[in-house]
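Report on the following structure.
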Amino acid sequence: MSTTLERPRTGRPDVFVPELVYFEPDAMNYPKGKRIHEWAVKQGLPIRMTTSHNRITNLPGESELEQYKIAKRTLVVGIRKTLKFDQSKPSAEYAIPIATGCMAHCHYCYLQTTLGAKPYIRIYVNTDEIMEAANGYIQERVPQITRFEAACTSDPVGLEPISGSLAELIEFMAEQEFGRLRFVTKFHHVDSLLGLKHNGHTRIRFSVNSRYVIKNFEPATSRFEQRIEAAGKVAHAGYPIGFIIAPIIWHDGWEEGYAELLENLAKTLPPGINDLTFELIQHRFTKTAKNTIEKRYPKTKLEMDIEKRKYKWGRWGQGKYVYPDEQANALRLFISERIFDHFPQATIDYFT
Ligand code: SF4
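Each number in the working numbering corresponds to the 1-based position in the sequence shown with 829 added.
Structure follows, in structure tokens:
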């Protein structure tokens, strides 16, 4: 079991500590639930009980916006009942559910719409059952490799000091001949992962962006330098690593911004990283997302003018607004060239 909770928190103000914690009573029957409960008591956090992690209805706050902000600092500890995994194309076959929700405030985050009225943070304590389900999915596809993405509905590295769930998944996946784990993060809390046996079966990717995007649209995440330092640490620990540049945003000075980003990555990363991947995702939004973002971050500088975008039909439901082809191609070409200039050995998995 991870001992991350026992580390002193002084001098680490950037580790997430919720303001309010809910527990499903049954969560206490699991070691992780007990451990988080003991930690919350020790921290002196207000604790409430809830019958279901899906139904938190009495959050404090006068206005909708205030409730949203409080929800982002509310932790709910429960049991994941649905063990049917969603697909997670293009980066993996399945999403592995260990947590839902995130304490950061990235204006563009798609969780704004996918989590709807439930933006609070949920940690699932039944990791053994989740891993058993993953094993079932792996066996179905043998001898093909099955990849699991652990960051589809959350930023699990930001929560790792509380949950320890990634450590469990990494060690589980190390033993799976046909299973692989991957996750992406904007946080730097990787220290508890460095000494684990991973067998190269987990790829840790860091979400990075131009200085402008990080400064204007990613409040409450780890700083760029912290993310890069963390990338260096996990690379030294032998993990395959990667970078997701997302969302790629067309802004004044974007060429300088993305050129500087790649230059900084090349300067800061330890030399000789072999297995390095990049994933490139241009900014996109739905009409629903635009409305929600404008309500929650009314002063945002995020450009969401549908007149300036191309409509891309969605396979299931409403389509998305992406950049017109000319802009998308310019972004893709420019950034791909900079990647190969600095990292000739890298692979670009996709641009979408
Ligand atoms: S860190 Fe990731 S999951 Fe969290 S708010 Fe930002 S984009 Fe969303």
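Cβ coordinates follow ideal geometry from the N, Cα and C atoms, glycine included.
For Gly1008, the uninterrupted beta strand (DSSP E) segment begins and ends at Gly1008 to Thr1014. Counting every other CB atom within 10 Å of its CB across the protein chains shown gives Ala946 a total below 16, marking it as exposed.
His1065 has its alpha-carbon roughly 25 Å from the corresponding atom of Arg1040. Here Val954 is buried: its Cβ has 16 or more other Cβ atoms, across all protein chains shown, within 10 Å. Fewer than three beta-carbon pairs drawn from the region 1142 to 1158 and the region 1066 to 1074 are found closer than 8 Å, and the two stretches are therefore not classed as touching. Annotated as distal: Thr1121 and Cys935, with beta-carbon spacing of 8 Å or more.
In terms of side-chain proximity, the C-beta atom of Lys1124 is found no nearer than 7 Å to any non-hydrogen atom of ligand 1. Where Phe1072 is concerned, the enclosing beta strand (DSSP E) starts and stops at Ile1070 to Ile1077. For the options Glu848, Arg877, Trp868 and Lys871, the alpha carbon positioned closest to that of Pro854 is the one of Arg877. Pairing Glu958 with Arg902 gives a Cβ-Cβ distance that is not under 8 Å. Arg970 has its alpha-carbon roughly 12 Å from the corresponding atom of Tyr923. Bounds of any alpha helix (DSSP H) do not take in Met878; it lies within the beta strand (DSSP E) bounded by Ile876 to Met878. In the DSSP assignment, Ser881 falls outside any alpha helix (DSSP H), carrying neither H nor E. Phe914 carries a coil assignment under DSSP once its states are collapsed to helix, strand and coil.
Between Thr879 and Phe1107, the alpha-carbon positions lie close to 41 Å from each other. Ligand 1 never approaches Asp855 closely enough for any of its heavy atoms to be under 7 Å from the residue's Cβ. Secondary structure note for Gly907: its beta strand (DSSP E) is the uninterrupted segment Thr903 to Gly907.
With three or more CB-CB distances shorter than 8 Å, the region 1006 to 1015 counts as touching the region 970 to 990.
Residue burial annotation: Pro889 is exposed, with fewer than 16 other C-beta atoms found within 10 angstroms of its C-beta.
A residue is called buried once 16 or more other Cβ atoms fall within 10 Å of its Cβ, and Glu1004, having fewer, is exposed. In the displayed model, Arg970 falls within a helix according to three-state DSSP.
Nearest neighbour of Thr929 by Cα position, chosen from Pro919, Gly1101 and Ala900, turns out to be Ala900. According to DSSP, residue pairing for Val1037 in a beta bridge involves Ile1074.
Here Arg1144 carries a coil assignment [DSSP, helix/strand/coil]. Closer than 7 Å to some heavy atom of ligand 1: that describes the Cβ of His934.
The criterion of a C-beta distance shorter than 8 Å is not satisfied by Ile991 and Ile908. For Gln872, no beta strand (DSSP E) segment is defined; the enclosing uninterrupted segment is the alpha helix (DSSP H) at Pro860 to Gln872.
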